[in-house]
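Residues in the sequence shown are numbered from 2 upward in steps of one, following the numbering used here. As structure tokens, the structure follows; a few thoughts come after it.
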Amino acid sequence: MKILFVNYSPPSTFLSKWSFPALEVLPKSTRERADVIFYHWTRDKLKESIKPLRKGHPTAWIVVLADKDTLKDVHKYQELLDCSDKDDVSGKESLPDQFWLVLQRAAKGTAQAKKMRNLEKEYEDLAQSTRELISKVDTDLQLATEVQREIRPKVSP
């Protein structure tokens, strides 16, 4: 799982405590796509600051790290609720304690999103096949109607 920290530098003890071969912390200047992004929200407009992250990492699970004061501010709290580009919110101060819980939610959420994308593709394929079948049935029905008209005896008055 590739992890990217934006506007947040985890303590060195934190990273050494959670260093596993399955986890790779990407450098800030990477062009590589991350699986999970921890974004510390420091600007006023969350939507505008998250959009470039979502654009650069369309399938990443984006976790907004919010300070205690941010979560107490009604306007910023509403902004968190309104932002559809984020996937999760965690307290910046509590991240070291909740790191594995957040990663577990990210893994499950990413798997569900991938499954949903596959289902949407299957749905589109099924819808296309259905349209083609309906078109074929219509064509066959018109042909059968024409054949029946030709076969039917002609009645003269």
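Each residue gets a CB set at the ideal place from its N, CA and C atoms; glycine is no exception. Predicted model only: the values in this text are computed from it and were never measured.
Q. Which residues mark the beginning and the end of the beta strand (DSSP E) in which valine 64 is found?
A. 62-67
Q: Have a look at Leu5, Phe100, Leu142 and flag the residue whose alpha-carbon is nearest the alpha-carbon of proline 28.
A: Nearest to proline 28 by alpha-carbon distance, out of Leu5, Phe100, Leu142, is Leu5.
Q.
Could you give the first and the last residue of the continuous alpha helix (DSSP H) run that contains lysine 56?
A. 47-57
Q. Which of the three DSSP states, helix, strand or coil, is assigned to glutamate 133?
A. helix
Q. Is threonine 131 buried or exposed, if buried means 16 or more other CB atoms sit within 10 Å of its CB?
A. exposed
Q. Where do the ends of the beta strand (DSSP E) carrying lysine 3 lie?
A. Lysine 3 -> beta strand (DSSP E) spans 3-7.
Q. Helix, strand or coil: which one does DSSP assign to serine 160?
A. Because the chain in this structure spans residues 2 to 158, residue 160 falls outside the shown range and cannot be described.
Q: Go through the region 69-117 residue by residue and report every complete run of the beta strand (DSSP E) that reaches 3 residues or more, in order.
A: Runs of the beta strand (DSSP E) inside the region 69-117: 89-92.
**Q.** Where lysine 137 falls, given that 16 or more other Cβ within 10 Å makes a residue buried
**A.** Exposed: under 16 other Cβ atoms inside 10 Å.
Q) Do you know how far the Cα of aspartate 45 is from the Cα of aspartate 74? A) 12 Å
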